[in-house]
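First comes the structure, then the notes that go with it.
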Amino acid sequence: GRLRAERACWRAVRRVPGYRAFLEGRGVSVEGLVPAGILERLPETDKRSYVDHYPLAARCLDGRFPFQGTTIDESSGSTGTPYNWIRSEAERHIAHRNISFFARYCIGAEPLVTINAFSMGAWATGFNMSLALNRNGIVKSTGPDIAKILSTLRFLGPGYRYLILGYPPFIKHLLDEGERDGIGWDRYNLHAMVGGEGMTEELRDHLLERFHSVFSGYGATDIEIGMAGESPASVALRRLARARPGLRRALFGDDSRLPMVFQYNPLIHYLETNSEREVICTVSRLDVLSPRIRYNVHDEGGVLNYDQVTAILRDFGVTLSRLGDEKDAAGPRGPLQWVQPIRLPFLFIYGRRDATISVMGANIYPEDVEVLIYRDARLSAAVHSFCLSVSTDAASTPRPCFALELNDGVAMDEAERDRVAVQFQAGLDDLNLDYRQALTEFPAAMIPIVQTFPRGAGPFKLDAGRIKQRRIV
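Mapping to my numbering: the sequence shown position 231 is 227, numbers consecutive.
Printed below as a string of structure tokens:
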């Protein structure tokens, strides 16, 4: 994997004009580089340092891109300004193949009807997931339209195996709406593949009451969808770590959070971590039109190879190849669907270090919230700081949560918090393209929860005396 990454780096240095200019601008002697050991000589890249400074063509091989077979995906920046990501026909073909394999490995090769409930349009996931899963069986791309999904299920009937794709909270909402509509979920053989945001094991527990299996994928539009995926082994490992704090610390360190856990192919994506525990990715394949070299999406996490995980589990009396037998890894209806592990490394991800939260595939940034606070003179006078999180409401629906640390002598009653929530919703609809799209597709999950705390209380307790507040919990 490292050799392939070095080859990709060397090719980018020689053939991508924007990348050469980026290196020269950081004092890296391009002429002095050789393939061996090149990774240690190259700085990280990201949106701000690289993408924002060089035009699209300059970031492509030989400073140009072919027109035939090429597509452009879109993702939204912090204030709704779209980023565009170009992909060749060959690299999309490989991504589709990998996603197809991942689905077949996790849920089997029996006949399959896939209902794609991801958002359609310029976003990378929806369109590409339909093409990928078409290799595994019949696909109907409904988008996040609950009425269409329920109608499709009724039309085809319960005699098929179904795979439903979508954001985790949408899948939960689909179950709730289907229950109210009398669909009779127990008659259907359901599986789910989710992505676009993290998922708690508590939400997976809820989904597993109706689904036979639920797997999540990991990727970033900046780099590639389907970079890594949950496997039966990684899901069992995460659930075991949830139940056994000592094992969680041995695997992931002292962080109290439970990360998402995936497996990935190191011959395709070379992953490393920096001093801030951010995962750095080099796409090692040579079919990539716009190479991503040591690219940082600012996701916090780490990498463990297969033998490391095996050794840690052995210390706790657990065998990796028999994780499916562990009762702490079981679901609400008994043991999870299990196939023997593939000898691939594990990737664990906590989420974005840049304080981004994601709900229904919509990224919400601290910059958005700062704009909304400072647009309102009363609010800016009342609020000392804020932080973002995803909170589950009484109906078990994940929603964006904004905690406000109030200045001394300031208080807000429930009516005032409700007013601020309405204000935040309207403001995000105006500022953030991702939020606006998700609000039209699933409004219940996008209604903000606003919490208020006195100075130094609640989630702000550890921030007392800090010059720079944490923006996410």
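Ideal Cβ placement from N, Cα and C applies to all residues, glycine included.
Option nearest Ala440 by Cα separation, candidates Val355, His380 and Pro450: Looking at the Cα atoms, Val355 is the closest of the given residues.
Report the three-state DSSP secondary structure of Val275 (helix, strand or coil). strand
Given Met256 as reference, the closest of Ser227, Ala373 and Thr278 once Cα atoms are compared: Ser227
Is the beta carbon of Ala188 sitting closer than 8 angstroms to the one on Ile160? yes
Enumerate in chain order the residues of its own chain whose CB-to-CB distance from Ala53 is below 7 angstroms, with the five nearest sequence positions on each side excluded. Gly59, Arg60 and Phe61
Can you list, in chain order, the residues of its chain with a C-beta nearer than 8 angstroms to that of Leu199? Leave out the 5 residues immediately preceding and following it. Pro164, Pro165, Lys168, Thr388, Ser392 and Pro394
Throw me the rounded Cβ distance for the Ile276 and Tyr291 pair, which I believe falls under 8 angstroms. 7 angstroms
Would DSSP call Leu181 helix, strand or coil? The residue asked about is misnamed: residue 181 is Trp in this sequence, not Leu. It is helical.
What is the residue span of the alpha helix (DSSP H) that Gln336 lies within? Here Gln336 belongs to no alpha helix (DSSP H), and DSSP marks it neither H nor E.
Which of helix, strand or coil does DSSP assign to Ala118? coil
What are the boundary residues of the beta strand (DSSP E) that Ile103 is part of? DSSP places Ile103 in no beta strand (DSSP E) but in the uninterrupted alpha helix (DSSP H) bounded by Glu85 to Ile103.
Tell me which same chain residues have a C-beta within less than 7 angstroms of the C-beta of Glu20, skipping the five on either side of it? Val26
What's the C-alpha gap between Ala325 and Leu236? 5 angstroms
Is the beta carbon of Ile219 sitting closer than 8 angstroms to the one on Arg288? yes
Any contact of the region 363 to 372 with the region 141 to 152, i.e. 3+ C-beta pairs under 8 angstroms? Too few Cβ pairs lie closer than 8 angstroms, so no.
Is it the case that the region 297 to 313 contacts the region 240 to 248, given that we only count it when at least three CB pairs across the two stretches are under 8 angstroms? yes
Which residues DSSP lists as bridging Lys136, in chain order: Ile111
Check the C-beta distance from Thr217 over to Asp69 and give it rounded, since I have them as a contact under 8 angstroms. 6 angstroms
Could you tell me the alpha carbon to alpha carbon distance between Lys464 and Glu268, rounded to whole angstroms? Its pLDDT being 36, under 50, Lys464 is placed unreliably by the model, and the measurement read from it follows with that caveat. Approximately 27 angstroms between the Cα atoms of the pair.
I'd like the span of the beta strand (DSSP E) that includes Tyr346, first residue to last. Phe342 to Arg348
Identify which residue in Asp404, Met442 and Asn403 has its Cα closest to the Cα of Gln419. Met442
Among residues of its own chain, excluding the 5 on either side of Ser280, which ones have a beta-carbon nearer than 7 angstroms to its beta-carbon? Gly(-3), Arg0, Ala1, Ala4, Leu263, Ile264, His265 and Tyr266
Would you identify the three-state DSSP class for Asn124, choosing helix, strand or coil? Reduced to three states, the DSSP call for Asn124 is helix.
Helix, strand or coil at Tyr163 according to DSSP, with G and I counted as helix: coil
Could you give the residue range of the beta strand (DSSP E) that holds Tyr266? His265 to Thr269
Give me the Cα-Cα distance between Thr436 and Thr138, rounded to the nearest whole angstrom. 15 angstroms
Do you know offhand how far Thr67's Cα is from Phe123's? 11 angstroms
Just grab the DSSP bridge partners of Tyr79 for me. Looking at the DSSP output, Tyr79 shares a beta bridge with Ser71.
Three-way DSSP call (helix, strand, coil) for Tyr50 in this model: coil
Less than 8 angstroms separating the beta-carbons of Leu375 and Val406? no
With DSSP run on the structure shown, which of helix, strand or coil describes Cys5? helix
For Leu29, collect the residues of the same chain with a Cβ closer than 7 angstroms to its Cβ; drop the 5 residues on either side in sequence, then sort them by chain order. Closer than 7 angstroms at the Cβ level, and outside the excluded window around Leu29, lie Val9 and Arg37.
Cα-Cα separation, Lys457 to Gly225: 35 angstroms
What residues match up with Ala325 in a beta bridge as DSSP calls it? Beta-bridge pairing links Ala325 to no other residue.
Leaving out five residues before and five after Ser317 in sequence, what residues of the same chain have Cβ atoms less than 8 angstroms from its Cβ? Gln336 and Pro337
Cα-Cα, which of Ala422, Ser381 and Val231 is closest to Gly327? Val231
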